[in-house]
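Here full-length UniProt numbering is used: the first residue of the sequence shown is 554, the next is one more, and so on.
Just so you know, even glycine gets a beta-carbon here, dropped at the ideal spot from N, CA and C.
Here the structure is a predicted model, which means the values were calculated and not measured.
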Amino acid sequence: RAKEVGRNSFQLFKPAMNARSLERLAMMSRLQNAIESDEFELYFQPKQHLNSGKILGVEALLRWQEPSLGVISPAKFIPLAEELGLIVKLDLWVIEQACKELTKWRQYDIEAGRLAINISANHLRQGLLASNVARLLEQYDVDPRKLEIELTESCFISHFSEAKQELLALKKLGVHITLDDFGTGYSALSYLTKLPIDTLKIDASFIAKVPDEYGNSEIVTAIITLAKSLSIHVVAEGVEKIEQLNYLQMLNCDTIQGYYFCRPIAKQQWYDFYLAKAQSA
Ligand code: C2E
Ligand code: MG
Ligand code: MG
Ligand code: MG
Numbered sequence: 554r555a556k557e558v559g560r561n562s563f564q565l566f567k568p569a570m571n572a573r574s575l576e577r578l579a580m581m582s583r584l585q586n587a588i589e590s591d592e593f594e595l596y597f598q599p600k601q602h603l604n605s606g607k608i609l610g611v612e613a614l615l616r617w618q619e620p621s622l623g624v625i626s627p628a629k630f631i632p633l634a635e636e637l638g639l640i641v642k643l644d645l646w647v648i649e650q651a652c653k654e655l656t657k658w659r660q661y662d663i664e665a666g667r668l669a670i671n672i673s674a675n676h677l678r679q680g681l682l683a684s685n686v687a688r689l690l691e692q693y694d695v696d697p698r699k700l701e702i703e704l705t706e707s708c709f710i711s712h713f714s715e716a717k718q719e720l721l722a723l724k725k726l727g728v729h730i731t732l733d734d735f736g737t738g739y740s741a742l743s744y745l746t747k748l749p750i751d752t753l754k755i756d757a758s759f760i761a762k763v764p765d766e767y768g769n770s771e772i773v774t775a776i777i778t779l780a781k782s783l784s785i786h787v788v789a790e791g792v793e794k795i796e797q798l799n800y801l802q803m804l805n806c807d808t809i810q811g812y813y814f815c816r817p818i819a820k821q822q823w824y825d826f827y828l829a830k831a832q833s834a
């Protein structure tokens, strides 16, 4: 009986699996030319400093607008780009766009703090990130202190010393370093003292359960306390509700990011958002 069910479900699922791997194959072949075809776009999601209410910075988030497949999430295509060996090329495109954007900020007096970009763990391990960043900052004549790099802990698991060297070199340039998605996966608290981390971002999965779920709020409290005692700036990501904001404010969290303040938005909308905030301030 079990065997029968097993066989039936196998048949049921087979076409679905094929459709998924076909979609994956289609994405893979299209990803190869997506940069040249100008199909990528950066969206922007501001971060709000809690005490002042001001925009502390803004994070650039990659979007792929594929002509026939539509908008594809980075959660889907970043792993594919890593598999295809395209991630460094993609990261370089993002760094260059960020530099161009920062040139514009200077030109139009946009005082929006830092511009943060996400960099893949794969890229960091290859040992060329700091030199690539240095070259582009120089080429566009951008102040390194305006650039922030968000990295996840997975960067440090397998190649700790290489990753550390890269971070030290980035720090020396003046780039701000943020540990993204903090508290998930392979968190090692010692990273916070062994690496030059300026900011940590508490993962959205913790924030989602604040303030209701017992145990969870205690973890968030502990992370904020730890960060404060190490003089590391704390950002809470995925803040969607006023209750979460109030609770985080009570805990003395420095900065929030999430749909509550602003969703990731296209470039023109981001300028409008910035101007509206700047006028009301
Ligand atoms: P991340 O850096 O942790 O970015 C936060 C993700 O949460 C973003 O998803 C954002 O759109 C989403 N988000 C922001 N606020 C909220 C909220 O209040 N509620 C909910 N439910 N979600 C929220 P997105 O844009 O799909 O990006 C997913 C991940 O892909 C990013 O996670 C980052 O790790 C990676 N990624 C994005 N852009 C790039 C890039 O340019 N280069 C690289 N290497 N990775 C990128
Ligand atoms: Mg991020
Ligand atoms: Mg994150
Ligand atoms: Mg996250």
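So, helix, strand or coil for Tyr596, using DSSP? strand
Using the rule of at least 16 other Cβ atoms within 10 Å of the residue's Cβ for burial, across every protein chain shown, is Tyr827 buried or exposed? buried
Check His676 in the structure and name its three-state DSSP category. helix
Could you tell me the boundaries of the beta strand (DSSP E) in which Gln618 lies? Ile608 to Glu619
Identify the residues that DSSP records as bridge partners of Thr746: which are they? In DSSP, Thr746 forms no bridge with anything.
Other residues of its chain near Tyr820: CB distance less than 6 Å, five sequence neighbours each side excluded: Position check: residue 820 holds Lys in this sequence, whereas Tyr was assumed. Taken in chain order, the list of residues that qualify is empty.
What do you reckon, are the CB atoms on His729 and Leu700 nearer than 8 Å? yes
Starting from Glu703, trace the beta strand (DSSP E) both ways and give me its first and last residue. Leu700 to Thr705
I'd like to confirm something about Asp756: is its beta-carbon nearer than 7 Å to some heavy atom of ligand 2, or not? no
Alpha-carbon spacing of Trp646 relative to Tyr767, whole angstroms: 43 Å
Distance check for Glu612 and Phe593, CA to CA, integer angstroms please. 16 Å
Name the residue from Phe709, Ala722, Ile750 and Gly680 whose alpha carbon lies nearest to the alpha carbon of Val641. Gly680
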